[in-house]
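The block underneath contains the structure these notes are about, expressed in structure tokens.
Chains as they are written, first to last, in the working numbering: chain D, 1 to 414; chain F, 415 to 647.
In structure tokens form, the structure reads like this:
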């Protein structure tokens, strides 16, 4: 056995240039794969984080059916909200919960002296929302909602423009209260204007304090959503699973269900990346196959000699598989040596999209950060290396079979 | 009482096709080799000498007939079983040396013992002994590319005999060697034959080799033309 492995290792260095070329190609292929996966996963994480910080959450607690049908009356009852908060307080010992934010959602007609437009009202707790979302950071004029203040609003830049609103100016909200046919109206003053870069926010969003929204819609302390923001989005799945066990009455949803469009986009984008990576590896695969096959064909006489000396077919098969394993191992080491530092650099410094002429890009309702940061888990690295190993060994089967079957005695006589 | 032969071929046919033609490399050949024989197979090119050696070792399969090597019917064995039989019972010396290029002289000689799973101490002792016997002391760690033709053939002899096989097959072992080296190699093979009783069967064109053979088998067109034992003074 050892002699077979020793011969295999030495065989590798009989044609040093070819071995180096092959391992370099496969290694650089792996490095590219790590880079592509890192930027892909990092980009998706940034998108998810961006979406989460633009009003969703890594997980949300809502009334059952609210996600599908919405409805002003489909609220979390006070006892449900209390139960959910108790669970989240307990869960914060196990999960990296950064913030929880209660929200009320509704629609209204917003009017100023210069016009009116349909708007989306989001009632938020200003203190919680500052931790949970990026809305406060997107304020371009005036200030974000102050804790304790009532009957003030922060509106999207498009709303402010349409209604020609000035800071401190009056804005009348008109809408239907929950469980009532009556039209309510409420006067609020403009505290700030925010610009997110997303039309769906900028053209329609009106943020008001939770108490203002509660009074406007007559919700009696009930809310529509308790959003949960995590430090590490990888915790989302486990948190949601636990929530479903611990607070069964309301619906506990992950970001995938709360943001189905984004989830579908990520899945589709991942699929596209996998196809690209597959093509990349098919090209590399032919290189590996060519190297191994050439190497075996060149050594047909030697394999026949080994057969003549009594080396069984299985050992000759093993010899070629061992050569492939060495190539795969060296390639993985090289790929990791090149790919991982590149990933670390891109994780720290990022890749500016403007280098590729891209700015103000949005997808699936999310503004994509202008700098893409790489994110690679060790699981992803392990998967990639397994792919290289698996593919190389799979491709070695044909040459190895050929080596096992070699026995053209004519080759030995000359 | 008849002694079990080391090698026995009965009515062996090996037919190759070349286009539409059939070439009878072995044409009903029968042959019996006793332990301790030092036999040369002679004959013109294409007479079937190499085919005889290949068939005897189970490297080539006859179309008909029986080949019994050290009591086992070779034609009924699988590829793996034949490889195992060669490992245990046969040593090979080839015209073009055929050493494993990535192994040193010592490792080439040791190869068969490693495959047999022999323990390290016994292996070392045997390899030291055989390398001394073939005169390769001091060259053990050289690879084949660093050895002369004669030295390479000595390594091949060492590899062939180190496992003390029942039969050593040599296909024109002196063909690529100059006269002095060829005679020295032949002397070495004779010495091993006499000292250990190793059975040798080698093909040759070389009249000097034929003269030294204890038994001379002549083939023509795959058939046995003559088989006589020499009487050396």
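Even glycine gets a Cβ: it sits at the ideal position worked out from N, Cα and C. Only a predicted model underlies this, so the values are computations on that prediction, with no experimental measurement involved.
For residue j and residue i, the rounded distance between their alpha carbons
i: residue 159 of chain D; j: residue 209 of chain D; result: 18 angstroms
i: residue 313 of chain D; j: residue 49 of chain D; result: 56 angstroms
i: residue 462 of chain F; j: residue 472 of chain F; result: 15 angstroms
i: residue 437 of chain F; j: residue 333 of chain D; result: 54 angstroms
i: residue 642 of chain F; j: residue 499 of chain F; result: 29 angstroms
i: residue 341 of chain D; j: residue 395 of chain D; result: 29 angstroms
i: residue 609 of chain F; j: residue 602 of chain F; result: 10 angstroms
i: residue 309 of chain D; j: residue 629 of chain F; result: 26 angstroms
i: residue 398 of chain D; j: residue 392 of chain D; result: 11 angstroms
i: residue 20 of chain D; j: residue 240 of chain D; result: 48 angstroms
i: residue 255 of chain D; j: residue 161 of chain D; result: 32 angstroms
i: residue 248 of chain D; j: residue 323 of chain D; result: 56 angstroms
i: residue 91 of chain D; j: residue 253 of chain D; result: 15 angstroms
i: residue 415 of chain F; j: residue 447 of chain F; result: Caution is warranted here: a pLDDT of 48 is assigned to residue 415 of chain F, below 50, making its placement in the model unreliable, and no coordinate value can be reported.
i: residue 401 of chain D; j: residue 300 of chain D; result: 12 angstroms
i: residue 357 of chain D; j: residue 390 of chain D; result: 38 angstroms
Sequence-distant residues of its chain with Cβ nearer than 8 angstroms to residue i (five each side left out)
i: residue 127 of chain D; result: 147
i: residue 16 of chain D; result: none
i: residue 381 of chain D; result: 34, 336 and 340
Of the residues the options, the one placed nearest residue i, counting alpha carbons only
i: residue 524 of chain F; options: F:465, F:555 and F:634; result: F:555
i: residue 154 of chain D; options: D:196, D:225, D:344 and D:220; result: D:196
i: residue 567 of chain F; options: F:469, F:512 and F:546; result: F:512
i: residue 426 of chain D; options: D:120, D:114 and D:123; result: As displayed, chain D neither begins before 1 nor continues past 414, which places residue 426 of chain D out of reach and without an answer.
i: residue 180 of chain D; options: D:216, D:56, D:207 and D:262; result: D:216
i: residue 42 of chain D; options: D:373, D:238 and D:90; result: D:373
i: residue 406 of chain D; options: D:370, D:354 and D:296; result: D:296
i: residue 184 of chain D; options: D:167, D:162, D:219 and D:202; result: D:219
i: residue 547 of chain F; options: F:445, F:570, F:528 and F:617; result: F:570
i: residue 640 of chain F; options: F:418, F:420, F:422 and F:445; result: F:445
i: residue 246 of chain D; options: D:305, D:72, D:53 and D:87; result: D:87
i: residue 501 of chain F; options: D:121, D:177, D:182 and D:306; result: D:306
i: residue 72 of chain D; options: D:123, D:18, D:281 and D:100; result: D:123
i: residue 531 of chain F; options: F:577, F:519 and F:514; result: F:577
i: residue 117 of chain D; options: D:75, D:174 and D:68; result: D:174
Within chain D, partners of residue i - CB distance below 9 angstroms
i: residue 501 of chain F; result: 309, 310, 311 and 312
Short CB-CB distance (under 7 angstroms) between residue i and chain D
i: residue 497 of chain F; result: yes
i: residue 614 of chain F; result: no
i: residue 445 of chain F; result: no
i: residue 545 of chain F; result: no
i: residue 493 of chain F; result: yes
i: residue 467 of chain F; result: no
i: residue 600 of chain F; result: no
i: residue 452 of chain F; result: no
i: residue 473 of chain F; result: yes
i: residue 415 of chain F; result: For residue 415 of chain F, the predicted structure reports a pLDDT of 48, less than 50, and the residue's modelled location is therefore unreliable. The matter cannot be settled from this model.
i: residue 529 of chain F; result: yes
i: residue 647 of chain F; result: Bear in mind that a pLDDT of 44 at residue 647 of chain F, under 50, signals an unreliable position, so the number given afterwards is only what the model happens to contain. So no, residue 647 of chain F is outside the interface.
Cβ of residue i within 7 angstroms of any chain F Cβ
i: residue 320 of chain D; result: no
i: residue 409 of chain D; result: yes
i: residue 48 of chain D; result: no
i: residue 93 of chain D; result: no
i: residue 18 of chain D; result: no
i: residue 10 of chain D; result: yes
i: residue 327 of chain D; result: no
i: residue 7 of chain D; result: yes
i: residue 3 of chain D; result: yes
Proximal residues to residue i (C-beta, below 7 angstroms), its chain only, five neighbours per side dropped
i: residue 574 of chain F; result: 505, 506, 507 and 582
i: residue 384 of chain D; result: 30, 33, 34 and 37
i: residue 441 of chain F; result: 427, 635, 636 and 637
i: residue 263 of chain D; result: 256
i: residue 143 of chain D; result: 191 and 192
i: residue 25 of chain D; result: 284 and 287
9 angstroms Cβ cut-off: residues of chain F touching residue i
i: residue 14 of chain D; result: 515 and 516
i: residue 323 of chain D; result: Within 9 angstroms Cβ-Cβ: nothing; residue 323 of chain D doesn't reach chain F, min ~11 angstroms.
Contact set for residue i: own chain, Cβ-Cβ below 6 angstroms, skip 5 residues either direction
i: residue 225 of chain D; result: 60, 62 and 103
i: residue 111 of chain D; result: 172
i: residue 429 of chain F; result: 436, 438 and 477
i: residue 579 of chain F; result: 503, 504 and 505
i: residue 211 of chain D; result: 150
i: residue 589 of chain F; result: 509
i: residue 376 of chain D; result: 38 and 343
Chain D residues whose Cβ lies nearer than 7 angstroms to that of residue i
i: residue 526 of chain F; result: 309 and 310
Chain F residues whose Cβ lies nearer than 7 angstroms to that of residue i
i: residue 298 of chain D; result: None at all; the shortest Cβ gap to chain F is about 11 angstroms.
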